[in-house]
Every structure is written in C-alpha cells, then in structure tokens.
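Heads up: the sequence lines are chains E and Y, in that order.
As numbered in this note's numbering, residues 14 to 420 make up the first sequence, in order.
As numbered in this note's numbering, residues 14 to 420 make up the second sequence, in order.
Number of protein chains: 2
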Amino acid sequence: MKADLDRLMSARGLDVIFVACDHYFSAPRDYLTGGVAITSGFVLKTPGEAPVIFANDMEIEEAAKTGLRVVSFSELGWWQLLKDTGGDRTKAQVAVTGKCLEAVGVASGRVGIYGVGDLNWIVHMVELLRAAYPQFEWTGETGMTLFDEAFVTKDADEMARMRQVARATNEVLEETWRYLQTRRVEGETLLKEDGSPLTIGDVRRFVRKALLDRDLEDTGMIFAQGRDGGFPHSRGEDGMALRLGQSIVFDLFPREVGGGYHHDVTRTWCLGYAPDEVHQAYEEVMEAFDIAIEMTRPGAPACQVDEAVSDYFESKGHPTLRTAPGAQKGYVHSLGHGVGLNIHERPSISVRSVDTLQVGNVITIEPGLYYPERGFGVRIEDTVYIDGEGNVVSLTPFRKDLVIPLM
Amino acid sequence: MKADLDRLMSARGLDVIFVACDHYFSAPRDYLTGGVAITSGFVLKTPGEAPVIFANDMEIEEAAKTGLRVVSFSELGWWQLLKDTGGDRTKAQVAVTGKCLEAVGVASGRVGIYGVGDLNWIVHMVELLRAAYPQFEWTGETGMTLFDEAFVTKDADEMARMRQVARATNEVLEETWRYLQTRRVEGETLLKEDGSPLTIGDVRRFVRKALLDRDLEDTGMIFAQGRDGGFPHSRGEDGMALRLGQSIVFDLFPREVGGGYHHDVTRTWCLGYAPDEVHQAYEEVMEAFDIAIEMTRPGAPACQVDEAVSDYFESKGHPTLRTAPGAQKGYVHSLGHGVGLNIHERPSISVRSVDTLQVGNVITIEPGLYYPERGFGVRIEDTVYIDGEGNVVSLTPFRKDLVIPLM
Chain E
14 MKADLDRLMS
24 ARGLDVIFVA
34 CDHYFSAPRD
44 YLTGGVAITS
54 GFVLKTPGEA
64 PVIFANDMEI
74 EEAAKTGLRV
84 VSFSELGWWQ
94 LLKDTGGDRT
104 KAQVAVTGKC
114 LEAVGVASGR
124 VGIYGVGDLN
134 WIVHMVELLR
144 AAYPQFEWTG
154 ETGMTLFDEA
164 FVTKDADEMA
174 RMRQVARATN
184 EVLEETWRYL
194 QTRRVEGETL
204 LKEDGSPLTI
214 GDVRRFVRKA
224 LLDRDLEDTG
234 MIFAQGRDGG
244 FPHSRGEDGM
254 ALRLGQSIVF
264 DLFPREVGGG
274 YHHDVTRTWC
284 LGYAPDEVHQ
294 AYEEVMEAFD
304 IAIEMTRPGA
314 PACQVDEAVS
324 DYFESKGHPT
334 LRTAPGAQKG
344 YVHSLGHGVG
354 LNIHERPSIS
364 VRSVDTLQVG
374 NVITIEPGLY
384 YPERGFGVRI
394 EDTVYIDGEG
404 NVVSLTPFRK
414 DLVIPLM
Chain Y
14 MKADLDRLMS
24 ARGLDVIFVA
34 CDHYFSAPRD
44 YLTGGVAITS
54 GFVLKTPGEA
64 PVIFANDMEI
74 EEAAKTGLRV
84 VSFSELGWWQ
94 LLKDTGGDRT
104 KAQVAVTGKC
114 LEAVGVASGR
124 VGIYGVGDLN
134 WIVHMVELLR
144 AAYPQFEWTG
154 ETGMTLFDEA
164 FVTKDADEMA
174 RMRQVARATN
184 EVLEETWRYL
194 QTRRVEGETL
204 LKEDGSPLTI
214 GDVRRFVRKA
224 LLDRDLEDTG
234 MIFAQGRDGG
244 FPHSRGEDGM
254 ALRLGQSIVF
264 DLFPREVGGG
274 YHHDVTRTWC
284 LGYAPDEVHQ
294 AYEEVMEAFD
304 IAIEMTRPGA
314 PACQVDEAVS
324 DYFESKGHPT
334 LRTAPGAQKG
344 YVHSLGHGVG
354 LNIHERPSIS
364 VRSVDTLQVG
374 NVITIEPGLY
384 YPERGFGVRI
394 EDTVYIDGEG
404 NVVSLTPFRK
414 DLVIPLM
C-alpha cells in the first residue's frame, strides 16, 4: 500500500520515482497524486517526501486540487529553454527534466521511470537523458515492479472506493438481469421495445448507460454468446441477436469514470433454459469456484489455489494449462489476478505464480471451461477481499444463477 | 495517411515497425490493424507488407477479425520458452520477440518501437533486447514521429469515420443545449426535475449518456463555469450548481467507444444572459475565429495562422504567448492541433509551429481569452477539414451563440 512506497524505493536503491504523464490514464500517476487530470508533465517522489507535480501552465490549477506541491514549467524557465534550444521541444524537455530533479533536491543517483505513455517517446528520451545527465542512473523495471508491489495490498481509503465501485457494479448486474428477463420473445429470439431483435450491441449500450448512472465507465466488457464465449477474451459481436438456450459469458470490469478503481465480475447466463452440456460445465465451474474460495487465505501460495482448481478440472477430464499448455479447450487461463487502479495487477493466481496471498489483497477468482467447437464457454468470477481478520469477503454478492427465467 | 507508411519507414531507415500492445488504447496499434481488442502482444510491419499480429492464445480470435495474418505466441513456442527461462516472463518475452522478428523475415536492421504502454517496462525491455539482439538497432522517436507524419493527412475511410463522429457530437451539443434551455430556474440557479439545483456533475452525466446513445465515449470533457473557465484545462467542479449569467466553457472531445477517432469542439455558453465583459470577449474570440478560418488553406505555414490571431488579440490589448510567454491571462494557448485517433496530433497550429497546412488535414481552430481573476474564460472551437479542393470545411456546424435563452 501507499505507506510502503519509501520501503519499496529503498529496496530498489531508488533516489527518486519519476512518473511521466501523458493524456492516457496512468495508475502510477493517480496512485501518487490521488487522481489528477493532467495530460503532460511529471510526478516526482523522493524518500520520505510527498510527491511533487510538475505541470504545464494550463494545468497547474487542476494539479493544485491534489493539495500537493505544484511547480509549473514556466517557473523552471520553460519558455527560455525552448528559445535556447531553437524551439526543439525534445531538447527543452531534456533540459527541464534536470531542473525538476533539482527542484526536488536530487543531484545524482538512481531514477526509476514509471508511467503510461508513448513507448517511442520514452525510448528516445532515455537515450538523451543518459547522455545529458550521466550522474543519474535512468532505470526501468519489469516483473514485480515497485508499483506492482505497492498495489498488492489496499489501504482503507482504497477499500472504501473499491467497495463503492463493487456496490454500483452489482446494481448494474441486477438491472441488466431484469432488463433481459422482461424482454418479449419471438420463437427463440429476444425482442426490443420496437419488436426488432435485441442484439448484443443493444445490451452493451444498456449496460454502459447503467454504469454511467453510477459514475462508472465500461472498459471493454465481454458479452459473448455461444461459440464466441468459448474464447475467453472474445468480446462478442454487436450485431448478434440474443437467443434462448445459448450460453452468454458476461464479463464486466468497469472503473470509476475518467479512470480509477475497478471491479471485475463474470456471470454466465442462459436465457430461458440451459442445454445439458452447458449446465454440466456450469456445475463444475461452480464447484471449482468453491474449491478456490476454500483455498484462499493469507499466507497461501497463490499457485496452490490454481493447482487445486486444475486438479479438480483434470479429475473431470478437462485439459488444463498444466496438462496441455496452449490448449484452446478446457480450462485455458489462470484462476485470477489482483484488481485495483489496473484491471490486472499482482498477485497472479496461476499454477506458475510465485506470489503469496496476504491480508489486503483484492483479487478475482474466475474459473472457466471453454469448448468453442461445441459452441459454448462458462466462466464465473467474483472479486474478493482478504480482510484484516484473514477472512475472504466477496465484493460481488450478485447471484450466480445460470438460467435467467423469462417473464 | 496509411498509404505513406512504407515511404515514412524508408525515410527513417526502418526495417520493421514494432508496436507493443498493452491494455491501453493505442493509436499506432489501431492505425495498423483497423482496430483490434488485444491487450498484449505485438504488431509488426515490414516494408511493402501488411502488418502481422502476434497475440496470446486467448486473443487470437479477436485478432483474426482484422483479416490480417495472426501468429499466436504458442505457435512460437511460448510455453517452452517460459519453461526454459524458469518461468521468468520478461526473459520469455525477450526470447519470443526474436521469434516474432524471424516470423516476419527480418534478420537484422533498424527496429522502430511504438505503441502505448508502461514506460518502466519498455525502458527495461529495450536494455534486454539490445543485449540479446545486437544485430538490431532498437530505436525510439520524439518530435514528428513516423505515426505523427502518417496521421497528418486522413484518407477516405478515416474521413467517413470522422464525419460520423462529428455528426453524432453535433447532435449531442444540440441535445445538451435543449436540456439546459428547458430547465426551471429559481433565483439565479437552474433546477433539476426534482427541484434541487442542477450541477455540473448532472450535466456531465447527461452528456456522457447522450454520447453513448451514439456509440461515442467521453474522454474527459471540460465544463467549467466562471473562474474555472478562466484556466484553459480546468475541467470544472462536479458539485457546482449552474447559474445564470456565468460563462461556461464546454469543451467536448469524445471518441468512438472503446477508442477510435475523435471530434473536438468548444462552445462558450451563458445561461439567460451574458455580462458585458464576457460578451465583449466573445465577440473578439469570434472575430479571431473568422480570421483563423480565413488564413487556413493548404500550403500556409501553420504559424502564420496563429500569428494573425495573435496580432488581432494584441491589437485589442490582450497579452498573448508571444508578448508574455507563460501568461495566465489573455490568449494563453496555441490556436489548434490535428485530430484523429489521438485528440492531439500534428499539425500544431501555434506561433512556434514548423508545420505546413495541407489537403487532408483535420485540425481544430480554437482561439480563446482567459481572465480568471475577472471570473471568466471564452473559447470557441470547431474541427475543420481541408478537402481535396483545398476548401476548409467545418465538421462542427453547431451554432456558436453565446447566450442560451431560457424557455
């Protein structure tokens, strides 16, 4: 959590965290600032100090809302630097970067570069920064990064926001269920108010608006019917009409509007009735889900949870990533992942995970079975929290029923 | 435009364009693929060839919808690589990158890295790639990049999409105008249906839903009233009630839902009536707007357009970025920018621009005047297209009136 940042810097020998901002949502930026709508500039943090925001003149008013120290590029002589470099913005950026480091009192040492942005830009910038400032070591990080480690456990402020996102997402599930349940049916097809077939695109629009009513935004929901649901990351076809008896994988992972904390939930629905093979897969996925929840506790190696689920699925005759890496049918993905400002965070809950579960984790549990050539997929996913007492608390109380009985 | 990519590669001596994908929307990724919902993997393009998508197993079905050649990491031996590297994903990624280059037939040469992602990741990856594959030159780019240059002119397919986004955005402006116009008023405050004050947060929600009705999504609209509108990038306060006679800067820049082409428009509105000083600033901004449109033509240096606008504002006694760099009042930003898959693209229309306007540009024209200490800002912005005949065609026909007369 945020209180760990200084320790995590020290473990990496970092003298400064250097977050570059762009017009993309950036978890490191928002984690350090509490959320700030700036589209350029830097956020710098040194050990034991609060972050400092360096912003362009047009955005200092937005930046100031964070309560953090804000320095405008003008104050650092941006316009003169731009003149000195003959109007070359890249060179002026290199020059102003040195002044930012000076402003936070760092004269040399190890700089950890973070943030979300254009890869071509940072690759070139780092070459120039290394040449201009050899007294600094400019470093990146892959694998379990400083922010990954911090994100692994959520503090009370973060949990308050995540609970609110969870509540609102559960309401949207309920609204969507009721919306589908009350459609008219002709033959095997659901109808809209105007009598034309209800499509996946229509449902997506309904869901997105229900999210906005609660100040959440969709980030690419999956609503995949039939064979499409047999591929875990197929989003589903907007033009497809909803039909009775088809499995629908509905994976919803909205966040606070404008970027912020996420919730992640999947339900598999059949309208009216479920074919036997879908029903059987559903029962097995539900059993796997219960096994996973049972195994989830602080101190448990995350791999053991997915191993227990894989054991179970294999005992039922399904291929898994363990028995058939790269398989396109059976249980073809890992069990879960951390959730927060990013939709996918550590810990990773997979048979290959090196992570250990701990108090403060917010993770998904999402076993699934996929048989595209048989025309279906089934996945059930809750977001759960490991609380201070070590209890596993679901943030997704919404019912897990397979069949939506039509009215 | 896209047809220029091979020429632009050749000008940079690039043997391959290497776009790394992450769960962020990425203009380079979508430009090369036509839009693909993959959250990892690479898109590679070599001279004279169509792009090739390298995706993880779960996303090959999504990737295949593009009609492009798709290679799964499994096919390249991902699971064996992961085993060989003791489960180290970073090392496996380095190993599989070599196989991707092999798969597109590039054995050595200059690799141009692009895409949107985690800066820490690419900074570290590039170090590892340089060590593992010294036969390649791994390069980034700042300033006018390959994609910037391609994006500068839009082809017919892009224009069809941008016109559609423009049409829908104009409809949303009309709906928002009518919504505000028909609110009840108590004293100087607008009311909601339930009799409580109508806030900026309410209006934002209304606008976001009106956008979604048209399959557009908000990307951070500005709706800034009074003093807040005096700072060009202040977003406005959700809790603030709408009041008569206040200037409201409404800057809307939505895109196709899930990421895609943008439209960019600003109107300044006063509800019921406008104070004299706001009205005067508005008249001057409108005059500046007309001057800018008059100067906009293919072959014109972009700086001249902003110089003409700056001349005019200075003649009216306003500080500009030319007379007072870093000024917080007067005309404090540049005149405009290109618009496309990114909200800010080249050409840059500023007094410092080195760009030349040309047929196929889609640009904003957005003069403004800002006086926060006097409690207002005014900006008027259209997105315009320079068509094949060299005509400047506004994509934002919506009326520019300052006052919304209440009903």
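We treat Cβ as the ideally placed atom computed from N, Cα and C, and that holds for glycine.
Please read all numbers here as calculations on a predicted model, not as lab measurements.
Query - Distance CB(Arg102 of chain Y)-CB(Thr103 of chain E) smaller than 9 Å - result: no
Query raised in the report: chain E beta carbons: is any one of them nearer than 9 Å to that of Lys15 of chain Y?
Result: no
**Report entry** Phe266 of chain E vs Asp277 of chain E beta-carbon contact at 9 Å
**Finding:** yes
Query raised in the report: Are the Cβ atoms of Gly353 of chain Y and Phe164 of chain Y separated by less than 9 Å?
Result: It is a contact, given that the beta carbons lie within the stated cut-off.
Query - Residues that DSSP places opposite Leu204 of chain E in a beta bridge - result: In DSSP, Leu204 of chain E forms a bridge with E:Arg197, E:Pro210.
Requested in this report: Identify each residue in the segment 49-60 of chain Y for which the Cβ-Cβ distance to at least one residue of chain E is less than 7 Å, and report them in chain order.
Outcome: Ala50
**Report entry** Length-filtered (4 minimum) alpha helix (DSSP H) runs lying within the segment 289-336 of chain E
**Finding:** Those alpha helix (DSSP H) runs which fall completely within the segment 289-336 of chain E and span 4+ residues are 289-308, 315-328.
Report task. Assign Ala24 of chain Y to one of three DSSP states: helix, strand, or coil. Result -> helix
Report task. Return the chain-ordered ranges of every alpha helix (DSSP H) run that is complete within the segment 98-140 of chain E and spans a minimum of 4 residues. Result -> Fully enclosed alpha helix (DSSP H) runs of 4 or longer: 102-116.
Query raised in the report: Using the C-alpha atoms, what's the distance from Leu114 of chain Y back to Gln177 of chain E?
Result: 45 Å
Report task. For chain Y, find out if any of its Cβ atoms is closer than 9 Å to the Cβ of Tyr37 of chain E; answer yes or no. Result -> yes
Query raised in the report: Does the segment 384-395 of chain Y come within contact of the segment 238-258 of chain Y, defined as at least 3 CB pairs closer than 8 Å?
Result: By the Cβ rule, the segment 384-395 of chain Y counts as touching the segment 238-258 of chain Y, because three or more pairs are nearer than 8 Å.
Query raised in the report: Where DSSP assigns a beta bridge to Lys58 of chain Y, which residues make up the other side?
Result: Y:Ile30
Query raised in the report: CB Leu419 of chain E to CB Leu159 of chain E, shorter than 9 Å?
Result: no
Query raised in the report: In this structure, what does DSSP give as the bridge partners for Phe149 of chain E?
Result: E:Gly122
Query raised in the report: So which residues of chain Y does Gly271 of chain E contact, with C-beta pairs closer than 7 Å?
Result: Gly233
**Report entry** Candidates E:Asp395, E:Ala33, E:Arg392, E:Val262, of which the one nearest Ile422 of chain E by Cα
**Finding:** In this structure chain E extends from 14 to 420, so residue 422 of chain E is not present and cannot be described.
Query raised in the report: Quick one, which residues of the segment 124-138 of chain E are near chain Y if we go by CB-CB under 9 Å, in chain order?
Result: Gly125, Ile126, Tyr127, Gly128, Val129, Gly130, Asp131, Leu132, Asn133, Trp134, Ile135, Val136, His137, Met138
Query - Boundaries of the alpha helix (DSSP H) in which Ile51 of chain E is found, first to last residue - result: That residue, Ile51 of chain E, is in no alpha helix (DSSP H); it is neither H nor E in DSSP.
Report task. Kindly say whether Gln106 of chain E, judged by its beta-carbon, lies nearer than 9 Å to any beta-carbon of chain Y. Result -> yes
Query - Of the listed residues Y:Ile356, Y:Arg365, Y:Pro360, Y:Val322, nearest to Tyr344 of chain Y (C-alpha basis) - result: Y:Val322
Requested in this report: Can you check DSSP and say which residues form a bridge with Trp282 of chain E?
Outcome: According to DSSP, which records beta bridges pairwise, Trp282 of chain E is partnered with E:Ile261.
Query raised in the report: Which of the three DSSP states, helix, strand or coil, is assigned to Arg412 of chain Y?
Result: coil
Query - Host beta strand (DSSP E) of Ala2 of chain Y (start-end) - result: The question about residue 2 of chain Y has no answer, for chain Y in this structure spans 14 to 420.
Report task. Assign Ser328 of chain Y to buried or exposed, taking buried as 16 or more other Cβ atoms, counted over all protein chains shown, within 10 Å of its Cβ. Result -> exposed
Requested in this report: Would you give the residue range spanned by the beta strand (DSSP E) that Phe389 of chain E belongs to?
Outcome: 389-392
Query raised in the report: Is it right to say Asn404 of chain Y is buried, meaning 16 or more other beta carbons lie within 10 angstroms of its own, or is it exposed?
Result: exposed
Requested in this report: Taking Val270 of chain Y and Leu229 of chain Y to be in contact with their CB atoms under 8 Å, please state how far apart those CB atoms are, rounded to whole angstroms.
Outcome: 6 Å
Query raised in the report: Residue range of the beta strand (DSSP E) that Ala10 of chain E falls in?
Result: Any question about residue 10 of chain E goes unanswered here, given that chain E covers just 14 to 420.
Report task. Could you run through the segment 158-178 of chain Y and flag, in chain order, every residue whose CB is less than 9 Å away from some CB of chain E? Result -> Thr158, Leu159, Phe160
Query - Which of helix, strand or coil DSSP assigns to Arg218 of chain E - result: helix
Requested in this report: Grab me the residues of Ser247 of chain Y's own chain with a C-beta within less than 6 Å of its C-beta, minus the 5 sequence neighbours each way, in chain order.
Outcome: Ala237, Asp241
Query - Partners in chain Y for Thr103 of chain E, counting only beta-carbon separations shorter than 9 Å - result: Identification of chain Y residues near Thr103 of chain E by a Cβ-Cβ cut-off of 9 Å yields Thr155, Gly156, ordered along the chain.
Query raised in the report: Sorted by chain position, which residues of the same chain lie with C-beta nearer than 6 Å to Asp264 of chain E's C-beta, five sequence neighbours on each side aside?
Result: Ile235, Thr279
Requested in this report: Sort Y:Ser361, Y:Ala315, Y:Ala68, Y:Leu415 by Cα distance to Asp161 of chain Y and report the nearest one.
Outcome: Y:Ser361
**Report entry** The alpha helix (DSSP H) enclosing Ala68 of chain Y, as first and last residue numbers
**Finding:** Counting along the chain, Ala68 of chain Y falls outside any alpha helix (DSSP H), though it belongs to the beta strand (DSSP E) covering 65-68.
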